[in-house]
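Asker: Sharing a structure with you now.
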Amino acid sequence: MPWKVTPAKWLQVETDRVQEIILVPRFWRRAWTAQSLKAALGEIGLDYSLTDCQEINAELHKRGVVADVGP
Numbered sequence: 000m001p002w003k004v005t006p007a008k009w010l011q012v013e014t015d016r017v018q019e020i021i022l023v024p025r026f027w028r029r030a031w032t033a034q035s036l037k038a039a040l041g042e043i044g045l046d047y048s049l050t051d052c053q054e055i056n057a058e059l060h061k062r063g064v065v066a067d068v069g070p
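All residue numbers for the sequence shown refer to numbering that gives the first Met the number 0, where the first residue is 0 and numbers rise by one.
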C-alpha cells in the first residue's frame with residue numbers, strides 16, 4: 000500500500016528548514032513577503048510554491064519567529 004508524509008509533518012520539517020535559513024545574520028533585518036521568500040529560496044535550490052511559502056509564513060508567525068511590520 001502506498002504512503003506519504005503527512006501535511007503536518009511536511010509543514011514542520013519545511014518550516015524548520017526555512018527558519019534556519021532566514022535566521023542567518025545577513026537576513027535578520029530583511030522584511031519578507033511570500034513572493035520574496037519564494038524567490039530567495041528558489042535561488043538556493045528550494046522550489047516552493049507560493050501557497051507553500053504562505054503556509055510556512057503562517058507557521059513562522061505561530062512560532063513567534065517573525066512578526067508583521069508596517070506597510
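C-beta atoms are modelled at their ideal positions from N, C-alpha and C, and glycine is treated no differently.
Alpha carbon to alpha carbon, how far is E42 from Q34? Give it in angstroms, no decimals.
Answerer: The residue you call residue 34 lines up with position 35 of the sequence shown. The residue you call residue 42 lines up with position 43 of the sequence shown. Distance between the alpha carbons of Q34 and E42: 13 Å.
Asker: Could you check the C-alpha separation between V17 and G69 for me, to the nearest Å?
Answerer: Looking up residue 17 in the sequence shown gives position 18. Looking up residue 69 in the sequence shown gives position 70. Answer to the nearest angstrom: the Cα atoms are 22 Å apart.
Asker: Buried or exposed: where does K37 fall if 16 or more other Cβ atoms within 10 Å of its Cβ makes it buried?
Answerer: On the sequence shown, position 38 is the one that residue 37 refers to. With 16 or more other Cβ atoms within 10 Å, it is buried.
Asker: If contacts are defined as beta-carbon pairs under 8 Å, then L10 and E58 qualify, I think. What distance do you get, rounded to the angstrom?
Answerer: As a position in the sequence shown, residue 10 is number 11, starting the count at 1. As a position in the sequence shown, residue 58 is number 59, starting the count at 1. Sure, about 6 Å apart at Cβ, within 8 Å.
Asker: Looking at I55 and T14, is the spacing between their C-beta atoms short of 8 Å?
Answerer: Taking the sequence shown and counting its residues from 1, one reaches residue 14 at position 15. Taking the sequence shown and counting its residues from 1, one reaches residue 55 at position 56. Contact: yes.
Asker: Just verifying my parser: in three-state terms, what is the DSSP assignment at I43?
Answerer: What you label residue 43 is simply residue 44 of the sequence shown in a count that begins at 1. Three-state result, I43: coil.
Asker: Quick check: the Cα distance between W27 and K3, rounded to an integer number of angstroms?
Answerer: The residue you call residue 27 lines up with position 28 of the sequence shown. The residue you call residue 3 lines up with position 4 of the sequence shown. The straight-line gap from Cα to Cα measures roughly 34 Å.
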